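*Asks:* Residue numbers (my numbering): 51 to 181. Glycine included, each C-beta is placed from N, C-alpha and C at the ideal position. Computed from a prediction, not measured in an experiment: that's the story for all the values here. Have a look at this one before I ask anything.
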Amino acid sequence: MSKNNIELQIFGQVLRLYCPLEQQEALLASAQRLEERVAILKEQSGIIQLEKVLAIVALNLNYELEQEQRKNLDNKNVLVACLQQLDTSLSQFQSTDALVVGLDTVEDLKLEANLEKSEHSNTVIVQENGK
């Protein structure tokens, strides 16, 4: 038997399956959990027909999977909304920051202009603009 093939016994039947080596342990654990779920359902419901129990377990597993997929989609949508809000906030901050830098540059230019004017008289006068 190939290393990628696995033989497992489930519900009294031997199954030979292809499974990569790194996933074999997880597959065996999954088969064990499936057998446990079937045994619990048989005990709780009193249903003894394996096919009916398997159908109910399959339905329950599918329902749980769909619930998890919905949760994942909801979480994804929340993350996307948060990222969009963060991007918007960052863009607003960057444009505000650019305006502040721009104003500082204008103020610096005005200050330089005042210094140049005063250099002609050999006296340096530093003034605050707008006051």
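Are the C-beta of K53 and some C-beta of chain B separated by less than 8 Å?
*Replies:* Within the model displayed, chain B is absent; a lone protein chain is all it includes.
*Asks:* DSSP beta-bridge partners for I56?
*Replies:* What you label residue 56 is simply residue 6 of the sequence shown in a count that begins at 1. Beta-bridge pairing links I56 to L67.
*Asks:* Find out if the Cβ-Cβ distance for the pair E85, I60 is shorter than 8 Å.
*Replies:* Counted from its first residue, the sequence shown places residue 85 at position 35. Counted from its first residue, the sequence shown places residue 60 at position 10. Yes, the pair counts as a contact, with Cβ atoms nearer than the cut-off.
*Asks:* How about Q74 and I56: do their beta carbons lie closer than 8 Å?
*Replies:* Position 24 of the sequence shown, counted from the first residue, corresponds to residue 74. Position 6 of the sequence shown, counted from the first residue, corresponds to residue 56. For Q74 and I56, yes; Cβs fall inside 8 Å.
*Asks:* Buried or exposed for V130, please, with buried defined as at least 16 other CB atoms from any protein chain shown within 10 angstroms of its CB.
*Replies:* Taking the sequence shown and counting its residues from 1, one reaches residue 130 at position 80. Its Cβ having fewer than 16 others within 10 Å, V130 is exposed.
*Asks:* Can you tell me the Cα-Cα spacing of P70 and L58, whole angstroms?
*Replies:* What you label residue 70 is simply residue 20 of the sequence shown in a count that begins at 1. What you label residue 58 is simply residue 8 of the sequence shown in a count that begins at 1. About 14 Å.
*Asks:* Could you check the C-alpha separation between S52 and Q144 for me, to the nearest Å?
*Replies:* The count along the sequence shown starts at 1 and reaches residue 52 at position 2. The count along the sequence shown starts at 1 and reaches residue 144 at position 94. Their Cα atoms are separated by approximately 60 Å.
*Asks:* Does DSSP put I90 in a helix, a strand or coil?
*Replies:* If you number the sequence shown from 1, residue 90 lands on position 40. DSSP places I90 in helix when its eight states are reduced to three.
*Asks:* Using alpha carbons as the reference points, say which of N125, I106 and L111 lies closest to S80.
*Replies:* Indexing the sequence shown from 1 puts residue 80 at position 30. Among N125, I106 and L111, the Cα nearest to that of S80 is on L111.
*Asks:* For A108, which of C132, L136 and L91 has the nearest alpha-carbon?
*Replies:* As a first step, residue 108 must be located in the sequence shown, where it is residue number 58. With distances taken between Cα atoms, A108 lies closest to L91.
*Asks:* Using three-state DSSP, classify I106 as helix, strand or coil.
*Replies:* Residue mapping note: residue 106 aligns to position 56 of the sequence shown, counting from 1. It is helical.
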